[in-house]
Each structure stands twice: as C-alpha cells, then as structure tokens.
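Peer 1:
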Amino acid sequence: MRFPYPVGHEFPLFLAPMSGVSESPFRLLCRRFGADVVVSEFISAVGVARGIAHLFEDMHFEEAERPIGIQLYGADAAVMARAAEMVTEVCKPDFIDINFGCPVKKVVKNNGGSGCLKDLSLVQQIIRAVRAATHLPVTVKIRSGWDESQRDPVTIALRYREAGAQALTLHARTRTQMFSGRANWDEIARVVEALDIPVIGNGDITAPEDIVAMRDHTRCAGVMIARGSFGNPWIFAQGRGLLDGGRKPADPAPEERLETALAHARLALRLQGDTRKTALEFRKHLGWYTKGVPRAAELRERLFQIESMRQAEAICSAYRGHLAAEQAA
0 MRFPYPVGHE
10 FPLFLAPMSG
20 VSESPFRLLC
30 RRFGADVVVS
40 EFISAVGVAR
50 GIAHLFEDMH
60 FEEAERPIGI
70 QLYGADAAVM
80 ARAAEMVTEV
90 CKPDFIDINF
100 GCPVKKVVKN
110 NGGSGCLKDL
120 SLVQQIIRAV
130 RAATHLPVTV
140 KIRSGWDESQ
150 RDPVTIALRY
160 REAGAQALTL
170 HARTRTQMFS
180 GRANWDEIAR
190 VVEALDIPVI
200 GNGDITAPED
210 IVAMRDHTRC
220 AGVMIARGSF
230 GNPWIFAQGR
240 GLLDGGRKPA
250 DPAPEERLET
260 ALAHARLALR
270 LQGDTRKTAL
280 EFRKHLGWYT
290 KGVPRAAELR
300 ERLFQIESMR
310 QAEAICSAYR
320 GHLAAEQAA
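No gaps in the numbering here: position 183 of the sequence shown is 182 in numbering that gives the first Met the number 0, and each next residue is one more.
Next up, the structure:
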C-alpha cells in the first residue's frame with residue numbers, strides 16, 4: 000500500500016514522536032542507522048498559532064532527516080488548522096501528523112492527544128480542518144480507545160479515515176493503560192483489514208525480532224518504534240536485516256555503544272549548543288547507551304553529573320581509552 004509521502008523501503012520503519020527524546024540530534028542518528036521516516040516531538044497547536052518562538056526552534060530539522068513529519072496536538076479545529084498552515088509555510092515538512100494518542104495528563108486535560116478519543120465528532124472536525132489548511136499529506140496517530148469500555152479501534156480508525164486521514168498509526172493500548180500491559184496486535188490486524196490506507200503498527204517493539212513478528216502478525220504497512228529505540232538506534236539496521244531475509248547485524252560492542260553516544264552528543268552540541276539545559280536533558284540518553292558496558296554503574300555515576308556536553312565527551316573518550324588499554328594488555 001502506497002504512503003502519501005516518500006519512504007525508503009516497501010516496508011518502512013518509523014521513529015516515533017516522543018517528548019524529550021525524538022529531537023533533531025536523535026532523529027538524525029536514527030536516520031543514519033536505517034530509520035526510514037522520523038516524526039517530531041508532539042507540538043502544541045495553540046503555541047504554534049500564537050507564534051511562540053521556542054516551538055518553531057523545536058520544529059527545526061536538517062534536510063538529512065527527510066522524510067519527516069511535524070506532529071501537532073490540540074482540541075480546537077480552527078486552531079489546529081491555523082497551526083498546520085503555519086507549519087506548512089514555515090517548516091515545510093513532508094507531512095503533518097495529528098496526535099490523538101498521547102496519554103500524558105498535561106495534554107489530555109485539555110482534550111488533546113488521546114483525550115480526543117472521547118469525542119469522535121470533534122476528531123473528524125479537526126482532521127477536515129487540517130486537511131483544508133495544508134497541501135501536505137495529513138496522517139494521524141491513535142490509541143485503541145480511551146478505556147476498556149470505549150475500546151473500538153476499528154470504528155475509531157474508520158471515522159478518522161472518513162474525515163480524510165491518509166495514513167494511520169495505531170498504538171494498540173487504551174489511554175488508561177498508558178504503557179502497562181501488552182499492546183494488542185490483533186487490533187492492529189483488524190484495523191489493517193478494515194482500512195484502505197497504510198496502517199503503521201506501534202506497541203511493544205523492543206527488539207529487531209519484534210519488527211518482523213508484528214509485520215507477520217498484523218500485515219501492517221510499516222512499524223513505528225518508540226521505547227525500543229532508547230539508546231538503541233541499531234534496532235533499525237538490525238530490523239532491516241531481518242526484514243530483508245538476511246542475518247541480523249551483531250549487537251554493538253561496548254566501544255561501539257560509546258562511539259555512538261559520542262556521535263549523538265556531538266550532534267546535540269552542534270544543533271542545540273553546549274548549554275547546561277542540553278547537558279541535563281542528554282543525561283538520560285547517556286544512561287541508555289551505557290547499559291551493558293563494563294563498570295556501567297561507575298560510568299553512569301559520572302555521566303549523570305555532567306553540566307556540559309564537552310564534559311560528556313571527555314568522560315566517554317577517556318572511558319573508551321581505558322577499555323582499549325585493558326583489551327591491549
């Protein structure tokens with residue numbers, strides 16, 4: 000099934016939109032490791048419509064990130080349309096994605112994200128308004144429902160398609176589940192069968208083998224990877240190797256994990272500056288990258304105290320030198 004924007008493979012792999020994680024440096028890194036499509040962190044349509052400068056900085060992307068979607072959330076159709084129009088004119092992404100799946104309280108309390116799942120008429124108004132405001136493809140990301148009593152992903156997806164969604168990502172959990180329990184891949188399969196647009200599967204992709212398993216189980220058009228990518232951009236290349244019928248590339252050695260952490264840090268340094276804010280937000284990435292390396296607890300203790308990206312680079316470089324010396328001894 001054809002996507003409404005260019006993708007690199009017949010079965011594309013997506014980096015999910017995640018607040019504080021899928022920023023430009025990580026998106027670039029995942030593209031290098033084989034992600035076919037990336038999506039921005041979710042962005043407030045109200046803030047965009049008001050012209051809040053830092054949001055436009057958050058939506059900045061490098062040409063090497065394409066194809067990229069900017070994801071918007073909000074509960075007012077007119078505001079969402081205005082934001083989509085501004086994003087189209089200023090940012091020029093490859094598509095606009097609407098977030099109807101975020102379970103976070105600060106988003107849901109204003110009926111944004113998965114809060115919209117309680118009012119499908121409003122959802123349809125939003126999709127139609129956004130479609131009318133931009134020439135770009137408009138896609139959506141949803142959950143299976145608000146709670147178990149309203150869990151009906153096929154009906155929800157059909158309503159979204161009727162309103163004009165051109166591709167749909169389903170995270171097969173309800174909002175009240177948050178990230179607990181298991182994603183119901185059977186629901187993804189039923190939505191795939193019901194829709195005539197590409198359906199992207201999302202939920203519980205933690206290893207390369209899960210990518211193939213979801214494809215085979217659901218017949219989805221692509222897979223979106225979220226938490227499985229944390230400190231693990233290799234999941235895209237490994238998944239592609241399995242999808243292509245070849246051997247899975249080997250897991251990264253400790254030296255490669257640290258080299259990739261350094262590459263990520265240098266991208267953050269170039270794109271976000273060597274500020275304390277950049278360093279504090281990068282600490283979580285360093286924690287993920289150092290899982291499984293020798294003396295990881297000792298290394299993380301030092302990395303979790305960094306105040307600048309250059310400190311992180313110095314600590315990782317020195318640690319790599321120690322590893323090399325030990326191996327040579």
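We put the CB at the ideal spot given by N, CA and C, even for glycine.
(1) In angstroms, rounded to a whole number, what distance separates the CA positions of Phe99 and Gly7?
(2) When the Cα atoms are used, what is the spatial distance from Ala77 to Ala15?
(3) Which residues mark the beginning and the end of the alpha helix (DSSP H) in which Gln123 is found?
(4) Could you give the distance in angstroms between the alpha-carbon of Ala166 and the alpha-carbon of Val37?
(5) Round the Cβ separation of Thr87 and His134 to the nearest angstrom and send it over; I've been treating them as touching at under 8 Å.
(6) Count the other CB atoms, across all protein chains shown, that sit within 10 Å of the CB of Gly33; report buried if there are 16 or more and exposed otherwise.
(7) Return the bridge partner residues of Val20 from the DSSP annotation.
(8) Look at the Cβ atom of Glu293, then the Cβ atom of Thr259, and state whether they are nearer than 9 Å.
(9) Would you grab the beta carbon distance between Ile97 and Val129 for me? Rounded to a whole angstrom, and I think it's under 8 Å.
(10) Evaluate Gln304 with the Cβ neighbour count: other Cβ atoms within 10 Å of its Cβ, from every protein chain shown; 16 or more gives buried, anything less gives exposed.
(11) In whole angstroms, what separates the C-alpha of Val107 from that of Leu268?
(12) Candidates Pro136, Phe229, Ala212: which alpha carbon is nearest Tyr288's?
(13) Tell me the rounded alpha-carbon separation between Arg158 and Pro253.
(14) Evaluate Gly221 with the Cβ neighbour count: other Cβ atoms within 10 Å of its Cβ, from every protein chain shown; 16 or more gives buried, anything less gives exposed.
(15) Once DSSP output is grouped into helix, strand and coil, what is the label at Met223?
(16) I'd like to know whether the C-beta atoms of Leu28 and His263 end up nearer to each other than 9 Å.
(17) How far does the beta strand (DSSP E) with Gln70 in it extend, from its first residue to its last?
(18) Would you say Met0 and Gly50 are within 9 Å of each other, going by their C-beta atoms?
Peer 2: In this structure, then:
(1) Each residue's CA atom was taken as its position, placing Phe99 and Gly7 some 26 Å apart.
(2) 26 Å
(3) 119 to 132 is the extent of the alpha helix (DSSP H) around Gln123.
(4) 14 Å
(5) Yes, they are in contact, since the Cβ atoms of Thr87 and His134 sit about 7 Å apart, within 8 Å.
(6) Classification for Gly33: buried.
(7) DSSP lists no partner for Val20.
(8) Checking the sequence, you will find Pro at residue 293 rather than Glu. No. Outside cutoff.
(9) Rounded, the Cβ-Cβ distance is 6 Å, consistent with contact.
(10) exposed
(11) Here Val107 scores only 49 on pLDDT, less than 50, and its place in the model is too uncertain to base an answer on.
(12) Of the listed residues, the one whose Cα sits closest to Tyr288 is Phe229.
(13) 48 Å
(14) The C-beta of Gly221 has 16 or more other C-beta atoms within 10 Å across all chains shown, which makes the residue buried.
(15) strand
(16) yes
(17) For Gln70, the uninterrupted beta strand (DSSP E) segment begins and ends at 67 to 72.
(18) Not in contact: Met0 and Gly50 (Cβ atoms no closer than 9 Å).
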